[in-house]
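Here the sequence shown stands for residues 1 to 250, numbered as in the UniProt record's numbering. Each residue gets a CB set at the ideal place from its N, CA and C atoms; glycine is no exception. Everything numeric in this text was worked out from a predicted model, so none of it was measured. See below for the structure under consideration.
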Amino acid sequence: MAQFRASFTDEAELGAPRAPFTLARAAAGAEEIGLVLFTSYVGRSSAYDYARFGAYFRDRRDVSVITHPGFLEGELLPADKEALVRLHADTVQRHVGDKPYVLSGHSSGGLVAHAVARELERRGAGPAGVVLVDTYVDEKALGDMAAAMGEQLSDRYDSVPGADDNDWGDAWVTAMARYMFLGLLPEEVAAPTLLVRAGEPLMEWTKDYDWRPSWKLEHSAVDVPGTHFTVMEEHSRSTARAVEEWLERL
1 MAQFRASFTD
11 EAELGAPRAP
21 FTLARAAAGA
31 EEIGLVLFTS
41 YVGRSSAYDY
51 ARFGAYFRDR
61 RDVSVITHPG
71 FLEGELLPAD
81 KEALVRLHAD
91 TVQRHVGDKP
101 YVLSGHSSGG
111 LVAHAVAREL
121 ERRGAGPAGV
131 VLVDTYVDEK
141 ALGDMAAAMG
151 EQLSDRYDSV
161 PGADDNDWGD
171 AWVTAMARYM
181 FLGLLPEEVA
191 APTLLVRAGE
201 PLMEWTKDYD
211 WRPSWKLEHS
221 AVDVPGTHFT
231 VMEEHSRSTA
241 RAVEEWLERL
């Protein structure tokens, strides 16, 4: 039913400019590279998903989260990939100004981060890097794990604060459908890219092919403790530390 929902092509149609959620601030006077995160578009998209991850960076780096429009009742959906990418690129530029920054996203949020990085590079305002946290594209293993992902994601819904069921309604379902068909496929970027891979599968794995995500474009990779979801939960500190070590080398 996503095709029947109202959509936007320009940010002006949304009313007030969108603003990121702040998760961490660097210590006064610090000039470290900031981190701008994008939420996943699978399930109930929430900045809270990054709360524990962001806590690691307090007094180290500025960390903020950008959510996607359309997941709450009454919000417009992006008409196409270009509308979404333009919106997020505009938001990033307003937010970071002339400060250095890295774009990142967990799961499908990584695909958004990568697409926005490409647009910002086109504008001459590209990021210092891109971090993909357990981001799958079209791996065969993704289909095998889809049921387990859906079940485990559903189990987490009750723990998501900030919006009750009346706020969400069915909007998140149709929003997810729209986003999944936007065609957010990887294209070359100049920014160095890190792929952070979960070290444990979501389910017992007996297939003869790898369950971990891959990335066909140039990148570095690091494995961290946890599953696709727990890398941002009980193992978020290890994940953040791996990202921090990479950022320090930029």
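Nearest-angstrom Cβ-Cβ length linking residue i and residue j, presumed shorter than 8 Å
i, j, result
"TYR48", "ARG237", "No, TYR48 and ARG237 are not in contact; Cβ-Cβ is about 17 Å, not under 8 Å."
"ALA198", "VAL222", "Their Cβ separation, rounded to whole angstroms, is 11 Å, which puts ALA198 and VAL222 out of contact at 8 Å."
"LEU103", "ALA171", "Actually they are not in contact, since the Cβ atoms of LEU103 and ALA171 sit about 25 Å apart, beyond 8 Å."
"LEU132", "GLY110", "4 Å"
"residue 251", "ARG178", "Only positions 1 to 250 of the chain appear in this structure, which leaves residue 251 out of reach."
"GLU233", "ARG44", "Contact flag wrong, Cβ pair sits at about 15 Å."
"GLU200", "THR239", "Rounded, the Cβ-Cβ distance is 13 Å, inconsistent with contact."
Euclidean distance between Cα positions of residue i and residue j
i, j, result
"LEU184", "GLY15", "25 Å"
"THR174", "GLY129", "31 Å"
"ALA113", "TRP215", "14 Å"
"THR145", "LEU202", "Correcting the residue type first, residue 145 is Met in the shown sequence and not Thr. In a straight line, the C-alpha of MET145 is about 7 Å away from that of LEU202."
"residue 251", "ARG60", "Because the chain here runs from 1 to 250, residue 251 falls outside it and cannot be looked at."
"LEU35", "ARG241", "13 Å"
"PRO20", "TYR50", "13 Å"
"TYR136", "ASP98", "31 Å"
"LYS207", "GLY124", "44 Å"
"ALA26", "ARG94", "18 Å"
"ALA83", "PHE8", "7 Å"
"PRO78", "ILE66", "15 Å"
"ASP138", "VAL96", "32 Å"
"LEU37", "VAL92", "10 Å"
"ARG5", "LEU76", "7 Å"
"MET149", "ILE33", "32 Å"
"residue 253", "GLU13", "The requested residue 253 is not part of the displayed model; the chain covers only 1 to 250."
"LEU142", "HIS68", "23 Å"
"LEU250", "MET180", "32 Å"
"GLU31", "PRO100", "9 Å"
"PRO213", "VAL196", "9 Å"
"GLU248", "LEU153", "32 Å"
Secondary structure of residue i, DSSP reduced to three states
i, result
"ALA198", "strand"
"LEU184", "coil"
"PHE57", "coil"
"SER238", "helix"
"GLY169", "coil"
"VAL36", "strand"
"LYS216", "coil"
"LEU250", "coil"
"VAL42", "coil"
"THR174", "helix"
"ASP223", "strand"
"VAL63", "strand"
"THR22", "strand"
"THR193", "strand"
Sequence-distant residues of the same chain with beta carbon closer than 6 Å to residue i, five excluded per side
i, result
"GLU244", "none"
"ALA163", "Unreliable positioning characterises ALA163 in this predicted model, as indicated by a pLDDT of 45, which lies under 50. A coordinate reading is not provided."
"GLY54", "LEU23, ALA24, VAL63"
"LEU194", "VAL131, SER220, TRP246"
"SER108", "SER40, TYR41, VAL42"
"LEU182", "LYS81"
"TRP205", "TRP211"
"ARG58", "ALA24"
Neighbourhood of residue i by C-beta, 7 Å cutoff - its chain only, sequence neighbours within 5 removed
i, result
"VAL85", "ALA115, VAL116, GLU119"
"GLU188", "LEU217"
"GLU11", "PRO17, LEU87, ASP90"
CB contact check: residue i to chain D, cutoff 9 Å
i, result
"GLY15", "Any reference to chain D falls outside this structure, which holds one protein chain only."
For the segment 65-141, list the alpha helix (DSSP H) runs that are entirely contained and at least 4 residues long, ordered along the chain. For the alpha helix (DSSP H) assignment, the uninterrupted runs of no fewer than 4 residues enclosed by the segment 65-141 are, from N- to C-terminal side, 81-96, 109-122.
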